[in-house]
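Worksheet for the structure shown next.
Residue numbers (the numbering used here), protein chains in the order written: chain A, -3 to 244; chain B, -3 to 244.
Below, the structure is given as structure tokens:
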């Protein structure tokens, strides 16, 4: 089984679980709304969710009219939560890495992935597999950490420059043009992510036969800013990139 | 006549002319090769060059087999140079801003623009006009300052953080998510450019009927780095974005 399985690490799993439970976390406020906003009509659709985690999105797809959902994830612990909390007769959960996509039977109207693709080394291979899994006219919608965010590894300088009051003045951007592996710390050391530039993401999709229809780089609206003023840092550097691409 | 005409300012014009004459300038090393590399076959093509400046590209298009080239520019001074140095029976130079594109007669196989579009406020309007000027299957290829570069206005902090030896450690990135007018200094004060995020650029092209085929964010190769090591800063933040989009 290929792929990185940081989600089965206990310390990581607990930290991640607490993060996702917080009301004000960035996923809930920015990534999930932006991802769902650019999904096509789900009615009667057969959907594949890559890196489905707890299966929250899978259940939401069914609630929005999807006929059948397959959620795959490399982490057995995540899928245990999914099967306990988000099971449904129309959802199938499979414990497998998305790098093994070609081994999966069947075809889909829509392939979705939420914040998992930056863990994948071979983006081109994945895009090729997704293309092959999609029916004609199908769509690939995914979110990932923003390229201005994946560029950071364990740099020997802080990610932000702050003023005397602790306000972020600007982010310290380095190595955007150098793609590849980044060794980061997120709850635990050595969480490996892969940095790709905008052009690599777009060109790979285009080369493999997709039409890029829509990108989103979410920033807070006034209501969110009033409640959580700290998120104004997203205007300096968005946390997420969301992409919708259609199979030609 | 709409549009900003900084190129007719004498101080700007002299500064710009000297910059373009330097062998190691970033246009010659990065932008021009990347732009020409993603052009389609020009043989027999009718081409429109938006912001043609000195007309160097117009002449090159003819040398590469184009049947007919129209170069438009807002600056009469630039076009004077174009007509003196790069005239050809198959090239027509017109003194007009690209915002007035709809007034131009005829249709084209290819619309090209080199480093002019970041001066344009109404990108959506321009993309719409370009679409209307293109024949079916036609292409729009343009370069502009990179979105990580247009984000800077006259900030009250330096663009780069350097170490004790003057080496750039990282660039100081702010306001990427805040689009619109930037007041910059380039030879003269008050050069107005317009910052747009990646998503706005891509989404606008898609919404107006283009398929984005290719993006480039040029960085130096080993040969260039050996001759001009200072350009390693482009790995932190590319200077240019080059886009090829096809009319559906």
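Idealized CB from N, CA, C, for every residue including glycine.
Check: Indicate whether at least one CB of chain B lies closer than 8 Å to the CB of residue 218 of chain A.; Outcome: no
Check: Report the residues of the region 179 to 208 of chain A with a CB closer than 8 Å to any CB of chain B, ordered along the chain.; Outcome: 193, 194, 195, 198, 199, 202, 207 and 208
Check: Helix, strand or coil for residue 223 of chain A? Go by DSSP, reduced to three states.; Outcome: helix
Check: Roughly how many angstroms separate the alpha carbons of residue 138 of chain A and residue 181 of chain B, rounded to a whole number?; Outcome: 39 Å
Check: Near residue 22 of chain A, what residues of its chain come up, given a Cβ to Cβ distance below 6 Å and the 5 sequence neighbours on each side ignored?; Outcome: 235
Check: Out of A:188, A:220, A:238 and A:228, which has the shortest C-alpha to C-alpha gap to residue 0 of chain A?; Outcome: A:188
Check: Give the residues from the region 150 to 179 of chain B that approach chain A closer than 7 Å (Cβ to any Cβ), ordered along the chain.; Outcome: 153, 157, 165, 166, 167, 168, 169, 170, 171, 172, 173 and 174
Check: Please determine, among B:54, B:28, B:108 and B:70, the residue with the shortest C-alpha to C-alpha distance to residue 92 of chain B.; Outcome: B:70
Check: Determine the extent of the beta strand (DSSP E) in which residue 141 of chain B is found, giving its start and end residues.; Outcome: 130 to 141
Check: With 16 as the cutoff for other CB atoms within 10 Å, does residue 103 of chain B come out buried or exposed?; Outcome: exposed
Check: Can you tell me the Cα-Cα spacing of residue 128 of chain B and residue 119 of chain B, whole angstroms?; Outcome: 14 Å
Check: Assign residue 202 of chain A to one of two classes, buried (16 or more other C-beta atoms within 10 Å of its C-beta) or exposed (fewer than that).; Outcome: buried
Check: Any C-beta of chain A sitting closer than 8 Å to the C-beta of residue 95 of chain B?; Outcome: no
Check: Below 8 Å, can you find three or more Cβ-Cβ pairs linking the region 188 to 198 of chain A to the region 168 to 181 of chain B?; Outcome: no
Check: Could you have a look at residue 113 of chain A and say whether DSSP puts it in helix, strand or coil?; Outcome: helix
Check: Contact check, residue 41 of chain A vs residue 63 of chain A under 8 Å by CB: the rounded distance?; Outcome: 6 Å
Check: On a CA-only basis, which of A:83, A:125, A:48 and A:152 is nearest residue 3 of chain A? Give me that one, please.; Outcome: A:48
Check: Tell me the DSSP bridge mates of residue 167 of chain B?; Outcome: A:169 and B:156
Check: Under the DSSP definition of a beta bridge, which residues are partnered with residue 66 of chain B?; Outcome: B:44 and B:88
Check: If we ignore side chains and look at the alpha-carbon of each, how far apart do residue 14 of chain B and residue 76 of chain B end up?; Outcome: 17 Å
Check: So, residue 233 of chain B versus residue 172 of chain A, is the Cβ gap smaller than 8 Å?; Outcome: yes
Check: Which bits of chain A does residue 25 of chain B rub up against, with CB to CB less than 8 Å?; Outcome: Correct list: empty, because the minimum Cβ distance to chain A is about 15 Å.
Check: When you compare only the Cα positions, how much space is there between residue 151 of chain B and residue 175 of chain B?; Outcome: 15 Å
Check: Could you name the residues of the region 45 to 79 of chain A whose beta carbon sits closer than 9 Å to any beta carbon of chain B, in the order they occur along the chain?; Outcome: none
Check: Do we get a CB-CB distance below 8 Å when we pair residue 232 of chain B with the residues of chain A?; Outcome: yes
Check: Starting from residue 238 of chain A, trace the beta strand (DSSP E) in both directions and tell me its first and last residue.; Outcome: 236 to 243
Check: Residues of chain B with CB closer than 8 Å to the CB of residue 213 of chain A, please, in chain order.; Outcome: 173, 193, 194 and 195
Check: Distance cutoff 8 Å, beta carbons only. Does residue 35 of chain A sit that close to anything in chain C?; Outcome: Absence of chain C from the displayed structure is noted, the protein chains being A and B.
Check: Rounded to whole angstroms, what is the Cα-Cα separation between residue 131 of chain A and residue 27 of chain A?; Outcome: 26 Å
Check: Rounded to whole angstroms, how far is the Cβ of residue 89 of chain B from the Cβ of residue 61 of chain B, which I believe are closer than 8 Å?; Outcome: Actually they do not touch by this definition, with Cβ atoms about 20 Å apart.
Check: Provide the residue(s) that pair with residue 176 of chain B in DSSP beta bridges, ordered along the chain.; Outcome: B:191
Check: So is residue 144 of chain A in contact with chain B if we call contact Cβ pairs under 8 Å?; Outcome: yes
Check: DSSP state of residue 50 of chain B, grouped into three classes?; Outcome: coil
Check: Taking only the alpha-carbon atoms, compute the straight-line gap between residue 84 of chain B and residue 169 of chain B and give it to the nearest angstrom.; Outcome: 44 Å
Check: Could you say if the region 206 to 226 of chain B and the region 213 to 226 of chain A meet the contact criterion of at least three C-beta pairs nearer than 8 Å?; Outcome: no
Check: Does residue 120 of chain A get closer than 8 Å to chain B when you measure Cβ to Cβ?; Outcome: no
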